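Scroll down for the structure; my scribbles are underneath it.
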Amino acid sequence: MRYSATVENMEVKSIRIGLLGCGNVGKALVGLLESQREAILSRTGLDLTIQAIAVQNMEKHADLAATTKQITNNPADVVSSDDIDLVVEVIGGVDPAKELVEAALRSGKPVVTANKELLAKHGPELFEQADQGNLDLLFEAAVAGGVPLMRVLRESLKGEPIRRVMGIVNGTTNYVLSQMTERGISYSDALSEAQSAGFAESDPSADVDGQDAASKAAIIAMVAFGVRLGLSDVTYEGITDVSTDDIEFAKRFGHTIKLLAIAENDNGEVAVRVHPAMVPKHHPLASVRDSFNAVFVEGDAVGDLMLYGRGAGGNPTASAVLGDIIAAANNLTQETNNGLGNLRNTPIQSTQDLENAFYINLEVTDESGVLAAVASVFGKHGVSIRSMEQEGLDGEARIVFITHSSLERNVHTTLDELRELDCVIQIGTKIRVVEG
Ligand code: HSE
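In terms of the working numbering, the sequence shown has 805 at position 423, counting the first letter as 1, and numbering is strictly consecutive.
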C-alpha cells in the first residue's frame with residue numbers, strides 16, 4: 383500500500399491487487415475495475431490496480447498483458463509477493479484455493495473471495511485466521527452473486543434478531559423450474575437450455591442436486607446467526623425428481639415450485655436445509671423467475687424484507703467482488719478489519735424435528751379399500767390430511783395428498799410404511815409446502 387498525492391483533498395492510497403483466477407468473474411472484474419478506477423479514486427481516494435493475475439494457461443490470457451503488470455501461472459508467488467497488498471480469489475473449489483487464501487492471510491494480506499464451497503467447508507477456521515491477523519476475509523460474491531445480502535446481514539441487520547432467511551440462491555435451478563412452469567417443458571429440456579444460455583455449470587450436478595444452494599445456505603446461517611457450522615450440517619435435496627406432473631399440480635393448488643435454501647434460528651437452535659418447496663403464488667418468492675435470485679429475511683424488529691437480483695454471471699459477481707475490494711482496501715488503510723472470527727458453537731437441529739406441510743404423490747392399485755388403507759397409515763403416524771385428489775390411470779390410480787403441518791420424522795415413517803403396502807405401486811415425489 384502506498385500513499386501519494388491528494389485528489390479532491392483526499393490522500394491517495396494505492397492498493398495493488400493480486401487476482402487468482404481469470405475465468406468469467408475474473409475477466410469481468412478486470413473490465414469493471416478498469417472502467418471504474420477513476421470514479422472509485424475520486425469517491426474514496428483509493429487507487430486500485432491489478433498488479434498480478436495468476437491463471438492456469440498463460441497463452442490463453444495473453445491479452446491481459448496490456449493492462450496487468452504480471453501474468454503468472456504460479457498463484458503462490460502472487461500471494462507471497464511484497465508488491466501485492468490485497469488478494470482476490472476467484473478460482474473456486476477447495477484445492478488449491480484454501481492453501482492460497484491461508485498463505486495470503488499469513489503474509490498479512492486481506493482476501494476477497496467468491497468461493498462458496500471453500501467457506502461452506504472451512505469458513506470458521508479461515509475467519510479466525512483473518513481475525514488473528516486483523517485482516518478482512520470478505521465474500522459477498524459467494525452467496526447470491528450480485529445481490530448484496532452478506533453486507534445487509536452483517537451490517538444493516540447486525541442488531542436484528544433474525545428468525546429465518548429463506549431464499550432462491552441458485553439461478554440454474556430457478557431457471558429450470560421457471561421454464562417447466564411457464565412453458566410446460568421437461569426437466570431435461572429446461573436444463574439443456576440453461577446450459578446453452580450459460581447459467582448452468584458445464585457439470586451442473588452441484589446445481590441440480592442442491593449442493594450449490596446448500597453451501598450458500600451454510601454461509602447465510604453463519605452470518606445471519608453468528609454461528610459456527612458447515613456444509614455437513616445442511617440437509618439438502620435437489621430438483622432432479624420434480625416432474626411436470628408435480629408442477630401442474632402445484633399450479634392447480636395455487637402454488638409454484640421453487641428450490642429454497644432455508645436457515646432458521648429457533649431460540650438459539652439452528653436448522654439449515656435446501657429442498658424444493660411449493661410456494662403460495664402470493665408469496666414474494668413465487669414471482670422470482672428465470673435465473674434471478676431472491677432472499678427473504680424475517681426478523682423480529684424489521685419484519686419481512688426481500689433482496690432480489692442476479693445471482694450468477696460474470697458482471698453481477700464482479701460487482702460484488704469490487705464492493706468487497708473497496709471495503710477491504712479501506713479497512714487495510716485504517717488497520718482494521720470487519721471480522722467473523724467469533725462465531726459461536728450451537729446445537730444444529732435435525733430436519734427430522736421440523737414441522738412442514740407436505741405434498742405427497744402416490745401410485746396405487748385401483749380397487750376398493752385402497753384409499754382407506756392408505757389413509758389409515760397417515761392417521762397411525764399422526765400425519766393429518768388437509769386435502770386429497772384422486773385420478774384414474776389405466777387400471778391404477780394416482781392419489782395426491784396435501785398434509786397439515788407435521789413432524790418430518792412422522793411423514794418419513796408414514797412413507798416407509800406405505801412402501802410396504804401391496805396396494806402401493808410407487809411413492810412419487812414428496813415436496814414440502816410453504817404455508818401462509
Ligand atoms: N451455478 C450457480 C447458480 C452460480 O446457478 O446460481 C454460482 O454460484
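Even for Gly, the Cβ is constructed at its ideal location relative to N, Cα and C.
These numbers were taken from a predicted model, which means no experiment stands behind them.
Buried/exposed call for residue i, threshold 16 Cβ in 10 Å
i: MET383; result: exposed
i: HIS637; result: buried
i: ALA526; result: buried
i: GLN561; result: buried
i: PRO543; result: exposed
i: ASN675; result: buried
i: ASP464; result: exposed
i: SER673; result: buried
i: ASP776; result: exposed
i: ARG634; result: exposed
i: GLY699; result: Correcting the residue identity first, residue 699 is Thr in this sequence and not Gly. Burial call: buried.
i: GLU619; result: buried
i: GLN433; result: buried
i: THR796; result: buried
i: SER701; result: buried
i: THR388; result: exposed
Cross-strand partners of residue i (DSSP beta bridge)
i: HIS763; result: Beta-bridge pairing links HIS763 to no other residue.
i: THR495; result: GLU471
i: ARG692; result: PHE674
i: GLN452; result: ALA434
i: PHE521; result: Bridge partners of PHE521: none, in fact.
i: ALA479; result: DSSP, once it has assigned bridges, lists no residue as partnering ALA479.
i: GLU773; result: ARG780
i: GLU680; result: ARG546 and ASP686
i: ASP429; result: SER396
i: VAL389; result: MET392
Limits of the alpha helix (DSSP H) - the one that residue i falls within
i: ASN697; result: 696–715
i: PHE631; result: 626–634
i: ILE422; result: 406–426
i: ARG801; result: 790–802
i: PRO662; result: Looking at the DSSP string, PRO662 is not in any alpha helix (DSSP H); the run it does join, the beta strand (DSSP E), is 651–662.
i: GLY526; result: With the sequence shown as reference, residue 526 is identified as Ala, and Gly is not the correct amino acid for it. ALA526 -> no alpha helix (DSSP H), and no H or E assigned at all.
i: ASN556; result: 553–565
i: ILE601; result: 593–607
i: VAL684; result: From DSSP, VAL684 is part of no alpha helix (DSSP H); its letter is neither H nor E.
i: ASP589; result: 587–590
i: ALA668; result: From DSSP, ALA668 is part of no alpha helix (DSSP H); its letter is neither H nor E.
i: ALA458; result: 457–462
Terminal residues of the beta strand (DSSP E) in which residue i lies
i: LEU573; result: Where LEU573 is concerned, there is no enclosing beta strand (DSSP E), although the alpha helix (DSSP H) it sits in stretches over 569–578.
i: ARG545; result: 544–550
i: LEU402; result: 392–402
i: GLY810; result: 806–815
i: ALA822; result: With the chain covering 383 to 818 only, the question about residue 822 has no answer from this structure.
i: VAL746; result: 737–747
Any non-hydrogen atom of ligand 2 closer than 8 Å to residue i Cβ
i: ALA599; result: What this structure holds is ligand 1, not ligand 2.
| request: Examine the Cβ distances between the region 646–658 and the region 723–741 and report whether three or more of them are shorter than 8 Å. | output: Counting C-beta pairs with one atom in each stretch, the region 646–658 and the region 723–741 have three or more that are closer than 8 Å, which means they touch.
| the region 633–652 contacting the region 590–600, beta-carbon criterion three pairs below 8 Å | In this structure the region 633–652 lies against the region 590–600, because at least three pairs of beta carbons, one per stretch, are closer than 8 Å.
| message | Under 8 Å, with one C-beta from each stretch per pair, do the region 749–757 and the region 601–613 reach the 3-pair mark? | response | Using a Cβ-Cβ distance cut-off of 8 Å, the region 749–757 and the region 601–613 are not in contact, since fewer than three pairs of beta carbons, one from each stretch, lie closer than that value.
| message | Using a Cβ distance threshold of 8 Å, determine whether the region 390–409 contacts the region 662–672, with at least three qualifying pairs required. | response | no
| Do the region 738–754 and the region 776–787 make contact, defined as three or more Cβ pairs closer than 8 Å? | yes
| Pairing CB atoms from the region 742–754 with CB atoms from the region 720–727, are three or more of them under 8 Å? | The region 742–754 is not in contact with the region 720–727.
| task | Inspect the CB distances between the region 570–577 and the region 470–482 and report whether three or more fall short of 8 Å. | result | no
| When the Cβ atoms of the region 680–689 are set against those of the region 501–520, are three or more pairs found closer than 8 Å? | Flag = no, the region 680–689 and the region 501–520 do not touch.
| task | Examine the Cβ distances between the region 444–451 and the region 404–413 and report whether three or more of them are shorter than 8 Å. | result | The region 444–451, when compared against the region 404–413, does touch it at the 8 Å Cβ threshold.
| Does the region 702–716 come within contact of the region 551–565, defined as at least 3 CB pairs closer than 8 Å? | no
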